[in-house]
Every structure is written in C-alpha cells, then in structure tokens.
Amino acid sequence: MLSVVVAALFLVLIGYLTIRASMSRGGLALDLGNAPSHVQDPAVPWLAYLLIALVAGAVVALADRRVLQPAVVAGTVLVVVLLATGPSGQLDPFADDQSSPVRWAVRGADSPAVHVTAVVLAWWAFARRGRPVEAA
Numbered sequence: 069m070l071s072v073v074v075a076a077l078f079l080v081l082i083g084y085l086t087i088r089a090s091m092s093r094g095g096l097a098l099d100l101g102n103a104p105s106h107v108q109d110p111a112v113p114w115l116a117y118l119l120i121a122l123v124a125g126a127v128v129a130l131a132d133r134r135v136l137q138p139a140v141v142a143g144t145v146l147v148v149v150l151l152a153t154g155p156s157g158q159l160d161p162f163a164d165d166q167s168s169p170v171r172w173a174v175r176g177a178d179s180p181a182v183h184v185t186a187v188v189l190a191w192w193a194f195a196r197r198g199r200p201v202e203a204a
C-alpha cells in the first residue's frame, strides 16, 4: 500500500513541476496552485527542471530493496491507468483546470522523467532480484 501512495505522490509532484515548466516556457506565470496569474516573457525554467531531476534522483537513491519491486509495479500500473483514462497531451490553461492534483498526476504520467525513473527502478529491481538482502 505504501508503494502506491509513494508512486502517486511522485506522479503528482512531477506533474506539478512539469506544468510549471511548460507554462513558463510559454510565457505564462502560475500561482502556487498552478492557476494562471499573469503573462510574462517566455523563460527557460531551470529551477523546475532542477527540482524534477532532484525528485527523480531522490526516488532512485532512496529506493529500498524490500519495497522496490512493489513500487515499480505500483508506479507502472498508475502510469498506464492515467495515460489510458486521463486527458493527456498539450495543456491549455484557459481550457483545462490545471490546479487539481488529478491533473498534476496525469501530467506526471506523461513526463519523461517518470518514464526514465520507472525504467531505472525496474532495471535495478530485476537485476538484483536473485541476490541476498544485506544485513542492515
């Protein structure tokens, strides 16, 4: 159960940051709830990119072998379900409500950062599957 919660929180956080980065590149400033606040000059969202990389790296670094395989399965199932049922694709802040955690999770499921993290965790989980667990 913990694996599902962690995977869902990971998707929501990555989706939140991805929406902020996407809108900043397009010249739209967002408030903390990801609702449009004002128009700005388009900019490269370095901070959002850095935070996405740090969050994905932290998930890989903190992955515990005991929960790694269930986390990979839970994350993969959540991504597939969100991509199959959720409205994905280009985000239009004036047509869609981007301020809900469900939309953030859907956008997170679309994110390449999530896909790469899932592949790395899956490789690590199955590469170490036959090895004995080290004593803590």
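In the numbering used here, the protein residues as written are 69 to 204. In this text, a Cβ means the ideal position worked out from N, Cα and C, and glycines have one as well.
Annotation for residue 92: the continuous alpha helix (DSSP H) segment containing it runs 70-94.
For residue 107, the enclosing beta strand (DSSP E) covers residues 104-107. Across the set 172, 95 and 131, the C-alpha of 172 shows the shortest separation from the C-alpha of residue 150. Excluding its 5 nearest sequence neighbours in each direction, residue 138 has C-beta neighbours in its own chain below 6 Å: 71, listed in chain order. Looking from the CA of residue 105, the closest CA among 88, 117 and 119 belongs to 88. DSSP places residue 170 in the uninterrupted alpha helix (DSSP H) bounded by 169-178. According to DSSP, residue pairing for residue 115 in a beta bridge does not occur.
The alpha carbon of residue 180 has as its nearest neighbour, out of 76, 83, 77 and 73, the alpha carbon of 83.
Inclusion of residue 120 and residue 85 in the CB contact set at 7 Å is warranted, their separation being smaller than that value. Counting only residues of its own chain and dropping the five nearest sequence neighbours on each side, residue 103 has a CB closer than 6 Å to the CB of 167.
Under the criterion of beta carbons closer than 8 Å, residue 91 and residue 98 qualify as touching, at roughly 5 Å.
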